[in-house]
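Line by line, the protein sequences give chains Y and R.
Heads up, the first sequence is in our numbering, so the first residue is 379 and it goes up one at a time.
Heads up, the second sequence is in our numbering, so the first residue is 2 and it goes up one at a time.
Quick reminder that beta carbons are idealized off the backbone N, C-alpha and C, glycines included.
It should be emphasised that the depicted structure is a prediction, and the values quoted were computed from it without experimental measurement.
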Amino acid sequence: MSATYLGMPSFPEAAGEALHNVTLRANLRHATHTIRDKRARAVAELADWAELREAGKQIKNRTLRHLDRYLEQLETAVTEAGGTVHWAADAEEANRIVADLVKATGEREVVKVKSMATQEIGLNEALEAEGISAYETDLAELIVQLGDDRPSHILVPAIHRNRGEIRDIFAEKMANWGRPAPDGLSDSPAELAEAARLHLREKFLRAKVGISGANFMVAETGTLVVFESEGNGRMCLTLPETLISVVGIEKVVPSWRDLEVFLQTLPRSSTAERMNPYTSMWTGTADTDGPQTFHLVLLDNGRTDALADEVGRQALRCIRCSACLNVCPVYERAGGHAYGSVYPGPIGAILSPQLRGIQSEIDASLPYASTLCGACYEVCPVAIDIPEVLVHLREKVADQGGKGHRLEKAAIKAAGWVLDHPAALAAGERAASRTRKLHPKRLPGAGAWTAARELPELPAESFRDWWKKNRT
Amino acid sequence: MSAGPYSRTSSRDRILARVRSAVADAPEAPEPARDYLTTHTPDDPAAVLDLLHENLADYRAIVHRTTPDEMPWLLMRLLAERGSATVLVPPGLPPEWLSAADATRIHDRSVSTAQELDAVDSVVTGCALAIAETGTIVLDAGPGQGRRRITLIPDHHICVVRVPDQVVASVPQAMSRLDPTRPLTWISGPSATSDIELDRVEGVHGPRTLEVVLLQG
Ligand code: SF4
């Protein structure tokens, strides 16, 4: 993973630090509560949400079961449509492929669409080492990049910054990279967005190479799909002569029709909109419309390891909507940086240790960064049973001669909430366990909260009622 | 193909082999059940149109309804109200639509550069279809729509939807009518960001103003 995260402290340590940052916690709390309330309304509009969720889960399960076949089909379709497919076993290989492709164009600058995959492999740093400047063009990513910072949320990476901080970053840093911020820039969101528009437009209009990820790839047609809001994605995907897309192998879906499910579930789960402002779909290259050269880099980088784990592989269904972050009491307290990876929150707690292994301190601590309350599972549009995978990974950490129990206590304490509310935790665990038939006995003995203390009586009100009354 | 450590063939084969061994013992996954609805809206064209109107407006597109006779006057007025001196015209746009407009017509050509497009005030296009339940217009670069870039760079986009032919109720209905081999752009309201304290701001990089004309009859 990205060098940015090397030497990260374990989750408990990082979360403990975050807990003392009052601005951060206020920003996070406001943001996560706003998004999750809006999301609930957007989801309630669709009477068939449960069926869409089940279809999404099954489509992804089928894809994963026959991933070899769908990847080969995708390769053929993309190639026939005029694209070139490359395969990258790990981050280093992906970065090498992209750097060579950029150099072959003779360019020294690229514009980028927000992409988790390229963050995961540390592409910007790798390109920089080759003398290539990669400009992030998503507003939040721009804020993060100019601030020499790290993203803290999948959907709103600069969620930890308030408008005053953003103003200062723009005023101070834009000039180093191109068009400076306008004189007398205020902290109004409209003025800040306008400053970003002017700063980035000169880059878009002259860019010869664009780099993106993709939300989906369709095996039968070779179509790639990017969801976005600002139009920076469309700029990067259509104005340059060369487009390079780096995409995890799990992002493929079998058929064109499958998209109808995710086009309904992804926007509502992530930005809580019926549809995000812009979605681009392209198949290879088109005659005079858009890039004339298209490269697709298919990335493994630990995904086949996750695939081999029969409990953990469901994490590869993730469509990166970020709904699980916004409902997680631990994320709300600890903030995204504490997870030490580009994938924060509940999904990060199960995905990162699978992609990277559980040898390091941070990865061994991540499966404990949860109260197992089950809220993440309930909102997940592809029904990933995150608590089940967390428990499974805790077993693995304990098996490697771990310090599981200590880690768990430290993680939960650092997240600062649950120790004040032990009854809530226990009730949440029991309610969640019952709904998913995850009997507490299956929790590993030493690591189980349930074993470590008396379970109080399950209160008369349900956990969700309690949650609503006390937390919103 | 070379046999270096990073030759394409070796990584391709290695990844596929790893996938095969990872799922060798996994249970068979059936064809997905598609028990979800194909539409959430009653099959009543007038209600579908109203829903489209409402959802477009909810996402801050400005919506107009008109007839073929009134169309030239409406477009003249919309361009004049913005003070647009130039309007971009994609190949295949019905010429009568802009017959009353004062703005200078700029014809998009494949040689037109992004910088040239950046100097244009407005663009008028048709669309492939519009989706009522989500308030979305979909462009597929067909006649009257032009290249993807022309609806991206100018700050003002007027998009014409032919009613009822180009209106569908739902996303599944839209998918079955679209051709994946064409470049597709789905547009739901003007460009927007919520990255600064979640305050929604319209128009970061795409057009700040999206006007949708529902052309009936
Ligand atoms: S795990 Fe589920 S809820 Fe979380 S980001 Fe992935 S798809 Fe969304």
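- Taking 8 Å as the cut-off, one finds at least one heavy atom of the ligand SF4 near enough to the beta carbon of Cys754(Y).
- Taking a cut-off of 8 Å on C-beta distances, the segment 118-129 of chain R touches the segment 89-100 of chain R, as three or more cross pairs fall below it.
- In the three-state reduction of the DSSP assignment, Gln146(R) falls in the coil class, being assigned neither a helical nor a strand state.
- Sixteen is the threshold: since fewer than 16 other Cβ atoms of the shown chains lie within 10 Å of the Cβ of Val400(Y), the residue is exposed.
- Rounded to the nearest angstrom, the gap between the Cα atoms of Gly626(Y) and Ala104(R) is 47 Å.
- When the Cα atoms are used, Arg178(R) and Ser647(Y) turn out to be separated by approximately 25 Å.
- Where Glu514(Y) is concerned, the enclosing beta strand (DSSP E) starts and stops at Ser511 to Glu514.
- With respect to Arg21(R), Thr661(Y) sits apart: the two C-beta atoms are not nearer than 9 Å.
- Of all C-beta pairs linking the segment 597-617 of chain Y to the segment 455-467 of chain Y, three or more are shorter than 8 Å, placing the two stretches in contact.
- DSSP, reduced to helix, strand and coil, places Ala409(Y) within a helical segment of the structure shown.
- Counting every other CB atom within 10 Å of its CB across the protein chains shown gives Asp667(Y) a total of 16 or more, marking it as buried.
- For Ser100(R), same chain residues with a beta-carbon under 6 Å away, outside a window of 5 residues either side, are Pro73 in chain order.
- For chain R, none of the residues of the segment 731-756 of chain Y brings a beta carbon within less than 9 Å of one of its beta carbons.
- Residues of the same chain with a CB within less than 7 Å of the CB of Ala592(Y), apart from the 5 flanking positions on each side, are Leu602, Val603, Val604, Ser623, Val625 and Lys629 in chain order.
- Under the Cβ criterion of 9 Å, Leu424(Y) is counted among the residues facing chain R.
- Put simply, of Ile437(Y), Glu638(Y), Leu445(Y) and Arg431(Y) the residue whose alpha carbon is nearest the alpha carbon of Ala25(R) is Leu445(Y).
- Residues of the segment 542-554 of chain Y with a Cβ closer than 8 Å to any Cβ of chain R, in chain order: Ile544.
- Taking a contact as a CB-CB distance under 8 Å, the pair Leu215(R) and Val64(R) counts as one, their CB atoms being some 7 Å apart.
- Considering only Pro724(Y), Arg407(Y) and Glu514(Y), the residue with the shortest C-alpha distance to Leu771(Y) is Pro724(Y).
- For the ligand SF4, a non-hydrogen atom lies closer than 8 Å to the CB of Arg695(Y).
- The Cβ-Cβ distance between Arg528(Y) and Val534(Y) does not fall below 9 Å.
- For the 9 Å CB-CB criterion, His41(R) and Ala425(Y) form a contact.
- Collapsing the DSSP output to three states places Tyr656(Y) in a strand.
- Counting along the chain, the unbroken alpha helix (DSSP H) around Cys702(Y) starts and ends at Ala701 to Val705.
- Residues of the segment 638-650 of chain Y that bring their beta carbon within less than 9 Å of a beta carbon in chain R comprise Glu638, Val639, Leu641, Gln642, Pro645 and Thr649, in sequence order.
- Shown here, Arg539(Y) sits in coil according to DSSP, grouped into three states, outside any helix or strand.
- For Ala693(Y), there is no enclosing beta strand (DSSP E), since its DSSP letter is neither H nor E.
- Relative to the Cα of Gly609(Y), the nearest Cα in the group Val205(R), Thr210(R) and Arg149(R) belongs to Val205(R).
- DSSP places Ile107(R) in the uninterrupted beta strand (DSSP E) bounded by Thr105 to His108.
- A distance criterion of 8 Å places the beta-carbon of Arg698(Y) in contact range of the ligand SF4, judged by its closest non-hydrogen atom.
- Beta-carbon to beta-carbon, Leu570(Y) and Arg545(Y) are separated by about 6 Å, close enough to satisfy the 8 Å threshold.
- For Asp678(Y), at least one C-beta of chain R is nearer than 9 Å to its own C-beta.
- Within the chosen limit of 8 Å, the ligand SF4 reaches the beta carbon of Cys702(Y) through at least one heavy atom.
- Proximity of chain R to Ile437(Y) at the Cβ level (cut-off 7 Å) is accounted for by Pro33, in chain order.
- Proximity of Gly190(R) to chain Y, defined by a Cβ-Cβ separation below 9 Å, is satisfied.
- In this structure, the ligand SF4 has a non-hydrogen atom nearer than 8 Å to the beta-carbon of Pro759(Y).
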